[in-house]
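Presented below is the structure to which this report refers.
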Amino acid sequence: MPNVAGIVYIRLTAPDLDVQETFLSHFGLEKVLRTDTKLYMRGTDSNPYIHITELGEASVPGWAYLAASAEDLVGFAELDCASEVQEIDAPGGGNRVLLDEDVNGFTIEVVHGIEQVEPMPVRRNMVNWGEEPLRRTNEATRLAHGPATVKRMAHAVLATTDVEATLAWYRGNLGLTCSDDVHDQETGELMASFNRLDKGEDYVDHHVLFAMKGEVSGLNHVAFEVADIDDVMTGHEYLKSVDEYEHVWGVGRHSLGDQVFDYWFDPYKRVHEHNTDNAMFNNQVPGNKVTNSQDDLGGQWGPPPPDFFLGYGMP
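In this note's numbering, the protein residues as written are 5 to 319.
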């Protein structure tokens, strides 16, 4: 069985594409294509789109992973839960296989052959660190006021009523591997799990999927990497200044995954995250067992998560 090689885009539905487009623009995405029924938005990296919104009642149909080759895509099509290989009718073309994720009700797409586009230029701010105090000289830092600079989709997080069945599905069908399994510190029950791509010796993000126990199954949040820590903060201040959206959690730094993070609701209660400075691992680091203590699931600095958030899911 092949392993997926990346995560590509999220697919949502919304009753008003104008409202969704405005939020996503304020969040830091760029419009690629808008039809009467679909909205495609991109980041600054080479994927032609990383966020799709279709017209309809607000919901979360699923998200897409990358197959490393056309042969791998055919391999995914041989799974019992899979469709045949289909052409993608979207910017960049390509092909996909639809997987019926029947544990939580998502449709997971595996894609290949989407034509990439030229990355967008990103201004990076040189930072003078304690051990490198002369990286920026004779020049003052002046940060632009505006949305964050979203680069790519980083991961999806879901709430589930059955953590073990969820992990069996994603590990068994997509080849994801454990970074951290989170157990209840009193009962030992498996409460959550961070899972990463398995690309051998190549380094990958600490997690591309996080599953946690919840009362209902649904999307907890979708995460997008931004340019740097300054970008997290300027994006936070910009969304505050717009004064139209509900802030969820942040700014802080996670304990598991290390990211500097900031979470916001979109207009339909789907949580969108800005993050940067991901921990990177390869197959030299085995899966880890941790507890659901505040030290592990809270953060290294910043405010604690709101009471509703751990276990929150939007179908």
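A virtual CB, placed ideally from N, CA and C, is assigned to each residue, including glycine.
Your pair Val115 and Ala68 checks out as a contact, with CB atoms roughly 5 Å apart and the cut at 8 Å. Boundaries of the beta strand (DSSP E) harbouring Phe228: Gly222 to Val230, taken from the DSSP string.
Judged by DSSP in its simplified three-state form, Phe312 adopts coil rather than helix or strand. At least 7 Å separates the beta-carbon of Ala163 from that of Gly303.
For Glu61, there is no enclosing beta strand (DSSP E), as DSSP marks it with neither H nor E. About 25 Å separates the beta carbon of Phe312 from that of Val154, a gap too long to meet the 8 Å contact definition. In this structure, Ile11 and His159 form a Cβ contact; the two beta carbons are roughly 6 Å apart against a cut-off of 8 Å.
According to the DSSP assignment, Val36 belongs to the beta strand (DSSP E) that extends over Glu34 to Arg38. For the pair Ala9 and Met157, the Cα-to-Cα distance works out to about 13 Å.
For Ala71, the CB contacts under 7 Å within the same chain, skipping 5 residues up- and downstream, are Pro6, Val8, Ala9, Leu77, Phe80, Val114, Val115 and His116 in chain order. Nearest C-alpha to Gly306 among Glu229, Arg257 and Ala283: Arg257. A residue is called buried once 16 or more other Cβ atoms fall within 10 Å of its Cβ, and Gly291, having fewer, is exposed. Counting along the chain, Trp253 sits inside the beta strand (DSSP E) bounded by residues His251 to Arg257. For Ile233, the enclosing alpha helix (DSSP H) stretches over residues Ile233 to Val246. In terms of Cα proximity to Thr280, the closest of Pro19, Glu119 and Val236 is Val236.
If you draw a straight line from the Cα of Val230 to the Cα of Ala148, it comes to about 15 Å.
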